[in-house]
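Respectively, the protein sequence lines represent chains P and H. Counting with our numbering, you get residues 4 to 365 for the letters of the first sequence. Counting with our numbering, you get residues 488 to 601 for the letters of the second sequence.
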Amino acid sequence: MAKKTINIPLGSQHISLLEPIRFNFTTENEKIVDVDWDVGFVHRGIERACTTDFEYKQVGYVVARVCGLCAITHSLAYTMGIEQLLQLEIPKKIQYLRLLMLELDRIHSHMLCLSHVSENAGFEGMFMKIMADRELVMDIQEAISGNRVQFDYVSIGGVNRDLELETEKLLKTNLSELEKKIDDLMDKFTNNWSLSLKYKNIGVLTKENAYIMNALGPMARAAGAKIDVRLETNNFPYEEVGYEPIIETSGDIHARNLVRLKEIKNSIKMVRNIVDGLPQGEIEVKAKGKPNGETFVRLEAPRGEIFYYLRANGKNILQRVRIKTPTFSQIPVMVDIFKGANYADAHAILASFDPCMSCTAK
Amino acid sequence: MKQVIEIENLKSSIKEFYKPEVWHYVTLNASDIDGVCKLQWIFTKYEQKDESIIFEADVEFDSTIDSIADIIPSAIMSEMEVVDLFGLKIKDINSGLYLDETSMKTPLKVNNNG
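So this is what it looks like as structure tokens:
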């Protein structure tokens, strides 16, 4: 067959991904041989706003709006940075409540990704089922924080609400129900023959390339790389609440699906342990003074490492707020994975990256 | 741990130090401190608790510096960001990641009022 070179754009608006990102694939017959990309469609100038328009006490609520999916991670990373600059000790109860929300965020975000991966492999019914099941965790988050998406749960020195008894009951009931549904999904993603055709050996990232390209989050862990900020910081008592690193080795879409499903199970376990072992105490400590100096905070968001750098000089307005998000730094990894894949698989591969353009173009 | 470097030695310092399976490149961070561009290349060690190295250099905003994207491919993203948002020139790195022709130029420089 004669070799035919075709350029095929995917995005910036595309039915397979409701966020503005554009890949321009150069294909030889069906195979992708080169990839051009553009992620800068919606830059919102949030970093500038944080150092010009808002005082440091307000910025936590601004950065929560960087992303609707990992809002809690953004506001928490920022808040922890300010607390470091204020040399504020945070009691264990507050740490536990923050960790609870972080892991609930991971559950609903991973479920959103799994639903999109299903949809992009042609399984629309499964997309709807996972989205419906995801409501179980959204309801828990709403009961704890008062909001479904923009939680605004974290404040400097604490959290805004304690865990009520009624909420604890709802949490335990919903998580039990969710766990059964995740087991069912695990069975389908592992054993369904059609899904295997769509995911196994498709969109492969090797372990070696995961390190060379600086892969993060589930993408790295699905390639066999033990890369997880939860292993690398003492920000939270992860070992105490039952955190286990989830590693798969095949590096394909299937492996990324399994990592997310197993991480949901691990997050459910951690959330239960947090609630059962929740210490007594206040939900806020008073902050004194104004932030001074520089610091950085890393947290493991659902898509990988979130990084905040803060610099302050004892005034109400910070000198620098730097936000680095996982999708942003993984664009080169995505390009690497696309090369050599068939164009017909591009949509499912893209969905399996779980890209967040809202984070990327902050 | 912080290591102040001469900007001319950036590539050799990174090349000598960086091993992909040991060190995670977090980002290149830039800050405008009293009109000087403070650059920080931040690395953390895989599977080690809170272990990091920051290479730091102060440069003038009209300088041209080397790219390290040939050593660390993912560095291209943060380098493009610095070019766009601070106006620093980095060899072989184009502007236009976020900003287009009608956008505010170098929005993160302190004395930029739009």
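Note that the Cβ used here is the ideal one computed from N, Cα and C, for glycine as well.
Worksheet item: For a contact meaning CB atoms closer than 9 angstroms, what does Q535(H) contact in chain P?
Response: L234 and E235
Discussion item. Checking the sheet assignment: what are the DSSP bridge partners for E297(P)?
Written reply: R314(P)
Discussion item. For F154(P), report the span of its beta strand (DSSP E) as first-last.
Written reply: Element bounds for F154(P): n/a, residue is neither H nor E.
Fill in: Given N163(P) as reference, the closest of L72(P), N194(P), S199(P) and M104(P) once Cα atoms are compared
M104(P)
Item to complete: Please classify N260(P): does DSSP put it in a helix, a strand, or coil?
Response: helix
Item to complete: Use the C-beta contact count for G583(H): other C-beta atoms within 10 angstroms, 16 or more gives buried, fewer gives exposed.
Response: exposed
Practice prompt. Could you please give me the residues that DSSP links to I185(P) through a beta bridge?
Written response: Per DSSP, none; premise fails for I185(P).
Worksheet entry | chain H within 9 angstroms of G43(P), Cβ atoms only | yes
Worksheet item: What are the partner residues of N27(P), as DSSP defines its beta bridges?
Response: P12(P) and D39(P)
Item to complete: Determine which residues share a DSSP beta bridge with K576(H) and list them.
Response: T551(H)
Item to complete: Residues of the stretch 299 to 333 of chain P with a CB closer than 9 angstroms to any CB of chain H: list them in chain order, please.
Response: F299, R301, E308, F310, Y312, R314, Q322, R323, R325, K327, F331, S332 and Q333
Worksheet item: If you run the structure through DSSP and keep just helix, strand and coil, what is S582(H)?
Response: coil
Discussion item. I want to know whether the stretch 204 to 222 of chain P touches the stretch 323 to 334 of chain P - three or more CB-CB distances under 8 angstroms.
Written reply: yes
Worksheet item: Any C-beta of chain P sitting closer than 9 angstroms to the C-beta of T531(H)?
Response: yes
Discussion item. Is it buried or exposed, V509(H), if we count other Cβ atoms within 10 angstroms and call 16 or more buried?
Written reply: exposed
Worksheet item: Comparing the CB of P94(P) with every heavy atom of the ligand SAH, is any distance shorter than 8 angstroms?
Response: Inclusion of the ligand SAH in the displayed structure is not the case, the ligand content being empty and no account of it being possible.
Item to complete: Answer with buried or exposed for T589(H), where buried requires no fewer than 16 other C-beta atoms within 10 angstroms of its C-beta.
Response: exposed
Worksheet item: What is the rounded straight-line gap between the Cα of L117(P) and the Cα of E171(P)?
Response: 27 angstroms
Worksheet item: Which residue or residues does DSSP assign as beta-bridge partners of N516(H)?
Response: Q527(H)
Discussion item. Alpha carbons only, please: which of S518(H), L586(H), I555(H) and S539(H) is nearest the one belonging to D41(P)?
Written reply: L586(H)
Worksheet item: Taking DSSP as the reference, what is the three-state secondary structure of A213(P)?
Response: helix
Worksheet item: Can you tell me whether N516(H) is buried or exposed, with buried defined as 16 or more other CB within 10 angstroms of its CB?
Response: buried
Fill in: Between the CA atoms of P282(P) and K95(P) - distance to the nearest angstrom
7 angstroms
Worksheet item: What number of angstroms, rounded off, separates the C-alpha of S565(H) from the C-alpha of N276(P)?
Response: 38 angstroms
Discussion item. For the beta strand (DSSP E) containing R68(P), name the first residue and the last one.
Written reply: Element bounds for R68(P): n/a, residue is neither H nor E.
Practice prompt. Mind listing the chain P neighbours of M564(H)? Cutoff is C-beta to C-beta under 8 angstroms, in chain order.
Written response: F331, S332, I334 and P335
Worksheet item: Taking just the CA atoms, how far does R306(P) sit from E22(P)?
Response: 16 angstroms
Worksheet item: How many Å lie between Y505(H) and Q490(H) at the Cα?
Response: 14 angstroms
Fill in: Inter-residue spacing [alpha-carbon to alpha-carbon] between G574(H) and K293(P)
30 angstroms
Practice prompt. Please confirm if Y81(P) has its CB atom under 9 angstroms from at least one CB of chain H.
Written response: no
Worksheet item: Given a threshold of 16 other Cβ atoms within 10 Å of its Cβ, counted over all protein chains shown, does E169(P) qualify as buried or as exposed?
Response: exposed
Worksheet entry | Rounded C-alpha distance that separates H17(P) from W196(P) | 28 angstroms
Practice prompt. Could you name the residues of chain H that K342(P) contacts, counting a contact when the two beta carbons are closer than 7 angstroms?
Written response: The premise fails here: K342(P) is roughly 13 angstroms from chain H at the closest Cβ pair, so nothing lies under 7 angstroms.
Worksheet item: Q98(P) lies in the beta strand (DSSP E); which residues open and close that run?
Response: Note, Q98(P): premise wrong, no beta strand (DSSP E); alpha helix (DSSP H) at K95 to N123.
Discussion item. Measuring CB atoms only, is the stretch 342 to 350 of chain P touching the stretch 180 to 196 of chain P, in the sense that at least three cross pairs come out at less than 8 angstroms?
Written reply: no
Fill in: Per DSSP, cross-strand counterpart(s) of W196(P)
BP columns for W196(P) are empty, so no partner.
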